[in-house]
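Data block below; observations after.
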Ligand code: ATP
Ligand code: MG
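Residue numbers (the numbering used here): 4 to 340.
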């Protein structure tokens with residue numbers, strides 16, 4: 004089943020999906036699933052590396068995430084949705100790959116460095132409480148990707164150093180044990196980073212600047228009314244710069260029909276911010292309507308969701324077993340085959 008066009012992508016069950024995930028990642032996967040052999044991993048083992056003390060949160064979000072993904076249009080007939088912890092071969096590969104990467108290299112990985120500094124509460128001010136598991140999660144990502152022979156990995160730009168780390172591990176494995184694993188390539192989406200309502204470079208789950216796909220209409224309107232606009236525009240008929248306005252930024256995502264009019268009216272001072280925000284809220288609510296409807300269907304048929312995850316995990320387990328056989332043979336530890 005796995006071939007040169009295998010897509011493997013993942014998402015951590017740490018909360019609901021927001022517009023950043025949708026426009027930066029999941030929307031892209033929905034197109035890719037039509038063209039490629041697509042696998043989508045719910046990365047619960049990875050989520051536990053920095054949520055090991057909150058297993059309830061991870062457990063609850065596995066189903067939430069599956070609901071969100073199906074609601075967005077991930078089609079179980081086209082893409083295989085699976086749960087990482089259901090594939091013990093990934094943990095097994097992680098152990099073997101961990102010999103092929105130095106601690107210093109992991110500590111220098113820019114993504115890991117940034118994340119450690121953002122998680123002071125968990126890992127200490129200078130990373131003195133950093134766990135072996137968290138430092139090693141890029142190794143387990145290499146295991147995710149290679150277990151399925153993933154060759155094209157769609158990611159946001161925050162993830163690029165992790166793909167490079169996988170490529171290094173693959174090259175080292177092949178050079179020592181013989182040509183066995185495929186080297187993956189990253190695939191950046193058109194919008195590698197969606198900004199937050201507050202103008203922050205990243206819309207994030209825990210940054211208080213996100214519109215979640217599950218937000219109700221009232222919440223969406225309230226959040227949009229609080230979005231950052233051009234601070235030099237004081238009065239309704241002042242001319243403004245749409246390029247520094249978060250309202251225009253989101254209009255570009257959800258209001259494709261009259262975008263030029265919105266832009267020109269804003270520049271010419273013919274558009275008040277309050278009306279512009281109301282229009283955005285309406286367009287956003289309409290944009291999210293089909294997503295909400297699909298979610299409701301799956302919420303009312305939750306056994307279908309559980310079945311999709313169970314079947315997907317079974318399919319991936321077979322693929323991973325095949326990879327494991329090849330890896331063990333290459334490493335000369337296939338004693339009982
Ligand atoms: P966590 O805080 O638990 O790490 P997260 O919001 O960063 O959560 P992930 O599961 O780590 O979510 O990322 C899933 C995918 O979504 C990744 O490919 C990531 O690059 C992408 N992504 C997350 N937030 C954004 C955003 N604001 N814009 C574009 N892509 C995003
Ligand atoms: Mg993340």
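Idealized CB from N, CA, C, for every residue including glycine.
**Request:** State the start and end residues of the unbroken alpha helix (DSSP H) segment that holds residue 190.
**Result:** Here residue 190 belongs to no alpha helix (DSSP H); instead the beta strand (DSSP E) covers 188-191.
**Prompt:** Should residue 231 and residue 256 be called a contact, given that it needs their Cβ atoms to be closer than 9 Å?
**Reply:** no
**Per-residue burial, residue 299 [other beta carbons within 10 Å of its own, 16 or more giving buried]** = exposed
**Prompt:** Contact check, residue 134 vs residue 165 under 8 Å by CB: the rounded distance?
**Reply:** Actually they are not in contact, since the Cβ atoms of residue 134 and residue 165 sit about 17 Å apart, beyond 8 Å.
**Message:** Quick check on residue 244: does DSSP put it in helix, strand or coil?
**Reply:** coil
**Prompt:** Under 9 Å between the Cβ atoms of residue 13 and residue 43?
**Reply:** yes
**Message:** In the DSSP assignment, the alpha helix (DSSP H) including residue 169 goes from what residue to what residue?
**Reply:** 163-180
**Request:** Quick one: residues in its chain with C-beta nearer than 8 Å to the C-beta of residue 58, no 5 flanking neighbours on either side, listed in chain order?
**Result:** 51
**Message:** Would residue 175 pass as an interface residue toward chain C - the criterion being a Cβ-Cβ separation below 9 Å?
**Reply:** The chain inventory of the structure shown lacks chain C, comprising one protein chain alone.
**Request:** List the residues that DSSP assigns as beta-bridge partners of residue 40.
**Result:** 9
**Asked** Among 151, 333, 15 and 11, which residue has its Cα nearest to the Cα of residue 3?
**Response** No statement about residue 3 is possible, as the shown extent of the chain runs from 4 to 340 and does not include it.
**Request:** On a CA-only basis, which of 74, 40 and 49 is nearest residue 19? Give me that one, please.
**Result:** 74
**Prompt:** The alpha helix (DSSP H) with residue 104 in it runs from where to where?
**Reply:** From DSSP, residue 104 is part of no alpha helix (DSSP H); its letter is neither H nor E.
**Item:** Inter-residue Cα distance where the pair is residue 155 and residue 245
**Value:** 35 Å
**Item:** Rounded straight-line distance, which links the Cα of residue 40 to that of residue 320
**Value:** 16 Å
**Message:** DSSP has residue 85 in a bridge; who is on the other side?
**Reply:** 44
**Request:** Please state if the CB of residue 79 and the CB of residue 314 are separated by a distance shorter than 9 Å.
**Result:** yes
**Prompt:** Are residue 104 and residue 186 close, meaning C-beta to C-beta below 9 Å?
**Reply:** no
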